[in-house]
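Asks: Before anything else, here's the structure in question.
Number of protein chains: 2
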Amino acid sequence: MNDSLAENEVSLSRVEKVYRTIRNNILSNQYPPGHQVLEPELARQLGVSRTPVREALIRLEAEKLIELIPRRGMRVLPLVPKDYLQISQAISALEEKALHLLLSLNPGRDVLQPMADAVREMDEAMQTNDLVAWAEADEKFHRLLASLCGNERLNLLLEMLRAQTYRARLILLKLRPNLEASNQSQKEIFQAVVNGDVEAVEGLYRSHRQRVLSEAMALLEKYSLPHI
Amino acid sequence: MNDSLAENEVSLSRVEKVYRTIRNNILSNQYPPGHQVLEPELARQLGVSRTPVREALIRLEAEKLIELIPRRGMRVLPLVPKDYLQISQAISALEEKALHLLLSLNPGRDVLQPMADAVREMDEAMQTNDLVAWAEADEKFHRLLASLCGNERLNLLLEMLRAQTYRARLILLKLRPNLEASNQSQKEIFQAVVNGDVEAVEGLYRSHRQRVLSEAMALLEKYSLPHI
DNA sequence: TTTTAAATGAATGCATACACAAATGCATAC
DNA sequence: GTATGCATTTGTGTATGCATTCATTTAAAA
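Following this line, the structure appears as structure tokens:
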């Protein structure tokens with residue numbers, strides 16, 4: 001993940017570079033929730049004029065990563081717990097559909113191999129208590145699910161929604177007592193996918209998501225996190 | 001629906017006015033699929049400089065209503081049948097979740113009254129063979145479902161996706177042999193909602209959507225519509 | 001006549017300037 | 001000390017201008 005206007009992106013427009021830089025800064029928590037930066041300051045930092053900054057900010061606002069406040073510049077949208085819940089519910093709906101679509105494709109082992117790898121990586125990370133590695137494998141699993149389901153629009157939506165909740169998910173990951181249940185669930189879900197068992201997939205996924213969401217909401221309350 | 005920079009919107013920024021005007025023109029088919037307009041031409045037509053035009057176009061591109069092609073300006077994104085299918089699948093996923101959420105709210109008759117009105121209006125439109133009225137009532141039904149489910153993020157997503165398929169849905173509506181089955185389905189779905197019967201709602205909705213989507217795809221093939 | 005090269009015009013991406021409005025700072029009055 | 005009014009500063013929204021690039025047209029060569 002680049003964190004600046006990298007030299008090897010010379011063919012990218014300034015808007016694109018600014019967009020990516022700011023987006024990265026948000027996802028990496030360099031711009032934490034509620035963080036405000038004025039357009040002229042962003043322009044100065046990034047060495048461009050305000051115009052491409054504005055254009056990039058409009059895109060980021062459309063993706064609901066920021067809001068633009070007159071005279072306050074850009075503000076990184078903090079997720080209050082309700083936001084997190086609502087976005088997560090939308091993710092659940094779309095991922096469930098993605099699972100259905102994936103199954104209807106009757107994928108062979110070769111197609112599912114990357115997901116199998118991700119599941120294995122999650123397992124390995126569990127064994128060594130490597131939270132970061134587990135998060136990466138988990139992220140990979142979900143990205144693959146969205147991209148392999150054969151519906152590109154769904155993929156894009158999920159990508160956007162997962163970006164909105166990325167930071168929060170990382171934080172919650174660290175607060176959770178243990179990941180054993182989630183790890184197990186995803187293995188079971190994947191196994192049911194391999195078996196082509198639609199009803200099992202649906203049941204397992206719903207249980208999994210319900211538990212994960214309940215857990216998350218309880219943690220947010222327990223730690224009185226106003227926003228994430 | 002305004003179709004120009006209305007005089008009664010004096011407090012709206014130029015970007016907002018341009019955005020709304022162009023969006024309206026797309027949804028009303030005044031800018032049909034594939035239609036291209038250059039930025040300077042849009043600016044001339046709308047009586048503003050290029051800057052707010054560009055900013056509005058960036059938003060519309062983020063919503064996947066248009067694409068921006070260098071030296072070709074803005075192009076209204078046509079939906080090839082695959083696009084239509086994919087977006088509709090995403091809509092199905094989100095609407096199913098919306099129904100679940102709505103039911104979990106245990107809404108009273110007063111809350112559901114606007115939906116009941118829409119269902120009645122659909123019935124009345126059926127009786128008088130008024131396609132336009134039926135479409136409006138149908139649109140209203142879906143908008144209400146999204147807005148009453150208690151998940152604002154879901155609502156926004158559905159609003160965006162429905163805008164993307166709005167024009168196509170209107171076209172398909174005219175091509176369908178009859179709407180009796182859809183009308184009946186929606187009545188039954190709504191009745192199940194009123195009864196708080198989760199499983200019935202889910203079953204009915206899935207059947208309904210599967211039939212509607214199959215029909216739509218068959219029509220697109222029958223009429224060899226390359227894009228809509 | 002056809003193909004290739006050069007010229008031209010125009011669209012985009014971006015920088016800069018301007019007008020306006022809101023926020024801030026300072027002075028004054030109570 | 002606090003509130004109010006005014007002047008100044010500053011940020012946004014927008015218009016305009018400039019440099020670059022690309023598509024089209026024109027001219028030249030084969």
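One line per chain: the protein sequences are H and C, in this order.
All residue numbers for the first sequence refer to this note's numbering, where the first residue is 1 and numbers rise by one.
All residue numbers for the second sequence refer to this note's numbering, where the first residue is 1 and numbers rise by one.
Here a beta-carbon is modelled for each residue, glycine too, at the ideal position from N, C-alpha and C.
1) Using the C-alpha atoms, what's the distance from Leu65/H back to Glu136/H?
2) Would you say Asn151/H lies against chain C (beta-carbon separation less than 7 Å)?
3) Go through its chain and collect everything with a Cβ distance to Met217/H's Cβ below 7 Å, but skip five positions before and after it.
4) From the beta carbon of Ala90/H, is the nearest beta carbon of chain C less than 7 Å away?
5) Residues in the same chain with beta-carbon distance under 6 Å from Tyr31/C, minus the five sequence neighbours each way, listed in chain order, please.
6) Strictly below 8 Å CB to CB, what residues from chain C border Glu139/H?
7) From which residue to which residue does the alpha helix (DSSP H) around Ile91/H run?
8) Which residues of chain H have a Cβ atom closer than 8 Å to the Cβ of Ile58/C, listed in chain order?
9) Determine the DSSP secondary structure at Arg176/C, reduced to helix, strand or coil.
10) Between the region 90 to 121 of chain C and chain H, which residues of the former have a C-beta closer than 9 Å to a C-beta of the latter?
11) Using the beta-carbon of each residue, which ones in chain C are nearer than 8 Å to Leu154/H?
12) Can you tell me the Cα-Cα spacing of Pro226/C and Ala168/C, whole angstroms?
13) Using 10 angstroms around the beta-carbon of Asn178/C, count the other beta-carbons present and answer buried if the total reaches 16, otherwise exposed.
14) Can you find a C-beta in chain H that's less than 7 Å from the C-beta of Leu68/C?
15) Is DSSP giving Arg162/H helix, strand or coil here?
16) Give me the Cα-Cα distance between Ser224/C and Ser214/C, rounded to the nearest whole angstrom.
17) Tell me which same chain residues have a C-beta within less than 7 Å of the C-beta of Glu55/H, skipping the five on either side of it?
18) Per the contact definition of three or more C-beta pairs closer than 8 Å, is the region 173 to 188 of chain H in contact with the region 153 to 161 of chain H?
19) Output, in chain order, the set of chain C residues within a Cβ distance shorter than 8 Å of Leu179/H.
20) Quick one: measure Cβ to Cβ for Gln89/H and Leu101/C, integer angstroms, because I've assumed they're closer than 8 Å.
21) Would the beta-carbon of Asn183/C fall within 7 Å of that of Met122/C?
22) How close, in whole Å, do the beta carbons of Leu161/C and Ile91/C come, if the pair is a contact with beta carbons under 8 Å?
23) Could you tell me whether the Cβ atoms of Lys97/H and Ala118/H are closer together than 7 Å?
24) If I measure Cβ to Cβ from Gly34/C and keep anything under 8 Å in the same chain, skipping five residues before and after, which residues do I get?
25) Note down, in chain order, each residue of its chain lying with its Cβ closer than 8 Å to the Cβ of Val234/C, except the 5 sequence neighbours on either side.
26) What are the partner residues of Met74/H, as DSSP defines its beta bridges?
27) What three-state label does DSSP hand Ile171/C in the structure shown?
28) Just the Cα atoms here: how many angstroms apart are Pro107/H and Lys222/C?
29) Given this structure, state the Cα-to-Cα distance separating Leu68/C from Ser49/C, to the nearest angstrom.
30) Using a Cβ-Cβ cut-off of less than 7 Å, list which residues of the region 156 to 179 of chain C approach chain H; keep chain order.
31) Go ahead and pull the three-state DSSP assignment for Asp130/H.
32) Check this for me: beta carbons of Leu105/H and Gly150/H, under 7 Å apart or not?
33) In the DSSP assignment, find the alpha helix (DSSP H) that holds Leu213/H and state where it starts and stops.
34) Taking the alpha-carbon of Met126/H as reference, which of Ala181/H, Arg206/H, Arg23/H has the nearest alpha-carbon?
35) To the nearest angstrom, report how far apart Thr21/C and Asn129/H are at their CA atoms.
Replies: On the basis of the supplied data:
1) On the first sequence, position 136 is the one that residue 136/H refers to. On the first sequence, position 65 is the one that residue 65/H refers to. Rounded to whole angstroms, Glu136/H to Leu65/H spans 21 Å at the Cα level.
2) Taking the first residue of the first sequence as position 1, residue 151/H is located at position 151. With 7 Å as the cut-off, Asn151/H counts as an interface residue toward chain C.
3) The residue you call residue 217/H lines up with position 217 of the first sequence. Pro81, Leu85.
4) Within the first sequence, numbered from 1, the residue matching residue 90/H stands at position 90. Yes, Ala90/H counts as interfacial toward chain C.
5) Here residue 31/C refers to the residue found at position 31 of the second sequence. Asn25, Val76.
6) In the first sequence, the residue the question calls residue 139/H occupies position 139. Ordered by position in chain C, no residue passes the 8 Å Cβ test against Glu139/H, which lies about 20 Å from the chain.
7) Here residue 91/H is taken as the residue at index 91 of the first sequence, counted from 1. 81 to 104 is the extent of the alpha helix (DSSP H) around Ile91/H.
8) Here residue 58/C refers to the residue found at position 58 when the second sequence is read from its first residue. Neighbours of Ile58/C on chain H, chain order: Glu55, Ile58, Arg59, Ala62.
9) Taking the second sequence and counting its residues from 1, the one referred to as residue 176/C is at position 176. If DSSP states are grouped into helix, strand and coil, Arg176/C belongs with coil.
10) Ala90, Ser92, Ala93, Leu94, Glu95, Glu96, Lys97, Ala98, His100, Leu101
11) Stepping through the first sequence from its first residue, residue 154/H is reached at position 154. Simply Gln86, Gln89, Ala90, Ala93.
12) As a position in the second sequence, residue 226/C is number 226, starting the count at 1. As a position in the second sequence, residue 168/C is number 168, starting the count at 1. Looking at the two C-alpha atoms, the distance is approximately 12 Å.
13) For the purposes of this step, residue 178/C is taken as residue 178 along the second sequence, with counting starting at 1. By the 10 Å Cβ count, Asn178/C comes out exposed.
14) Translated into the one-based positions of the second sequence, residue 68/C becomes position 68. Answer no: the Cβ-Cβ gap between Leu68/C and chain H never drops below 7 Å.
15) Walking along the first sequence from the start, residue 162/H turns up at place 162. Correct three-state label for Arg162/H: helix.
16) To locate residue 224/C, count along the second sequence from 1; it is residue 224. To locate residue 214/C, count along the second sequence from 1; it is residue 214. Distance between the alpha carbons of Ser224/C and Ser214/C is about 15 Å.
17) By one-based count along the first sequence, residue 55/H stands at place 55. Closer than 7 Å at Cβ, skipping near neighbours: Val15.
18) no
19) For this step, residue 179/H is matched to residue 179 along the first sequence. The contacting residues do not exist; Leu179/H stays about 25 Å from chain C at best.
20) Locating residue 89/H in the first sequence gives position 89, where the first residue counts as 1. Locating residue 101/C in the second sequence gives position 101, where the first residue counts as 1. The C-beta separation of Gln89/H from Leu101/C comes to about 7 Å, placing the pair in contact by the 8 Å criterion.
21) What you label residue 183/C is simply residue 183 of the second sequence in a count that begins at 1. What you label residue 122/C is simply residue 122 of the second sequence in a count that begins at 1. Closer than 7 Å, so yes.
22) Indexing the second sequence from 1 puts residue 161/C at position 161. Indexing the second sequence from 1 puts residue 91/C at position 91. Correct: roughly 5 Å between the Cβ atoms.
23) Counting from 1 along the first sequence, the entry for residue 97/H is found at position 97. Counting from 1 along the first sequence, the entry for residue 118/H is found at position 118. Cβ distance not < 7 Å, so Lys97/H and Ala118/H don't count as in contact.
24) Within the second sequence, residue 34/C is the residue found at index 34, counting from 1. Within the same chain, Gly34/C has close Cβ partners Arg75, Val76, Pro78, His227.
25) In the structure as shown, chain C starts at 1 and stops at 228, and residue 234/C therefore has no counterpart that could be examined.
26) Along the first sequence, read from residue 1 onward, the residue named residue 74/H stands at position 74. Under DSSP, Met74/H takes part in a beta bridge, and its partners are Val37/H, Leu68/H.
27) Your numbering for residue 171/C matches position 171 in the second sequence. Looking at Ile171/C - three-state DSSP - the assignment turns out to be helix.
28) Position 107 of the first sequence, counting from 1, holds the residue named residue 107/H. Position 222 of the second sequence, counting from 1, holds the residue named residue 222/C. Near 29 Å, if we compare the C-alpha coordinates of Lys222/C and Pro107/H.
29) Position 68 of the second sequence, counting from 1, holds the residue named residue 68/C. Position 49 of the second sequence, counting from 1, holds the residue named residue 49/C. Cα to Cα, Leu68/C sits roughly 18 Å from Ser49/C.
30) Cβ contacts with chain H come from Leu157.
31) The residue labelled residue 130/H in the question sits at position 130 within the first sequence. The answer is coil: DSSP assigns Asp130/H none of H, G, I, E or B.
32) Here residue 105/H refers to the residue found at position 105 of the first sequence. Here residue 150/H refers to the residue found at position 150 of the first sequence. Contact flag set, yes.
33) Within the first sequence, the letter at position 213 stands for residue 213/H. Taken as a continuous stretch (DSSP letters only), the alpha helix (DSSP H) holding Leu213/H covers 198 to 222.
34) Working through the first sequence from its first residue, we reach residue 126/H at position 126. Here the closest residue by C-alpha is Ala181/H.
35) To locate residue 21/C, count along the second sequence from 1; it is residue 21. To locate residue 129/H, count along the first sequence from 1; it is residue 129. Each residue's alpha carbon lies about 55 Å from the other.
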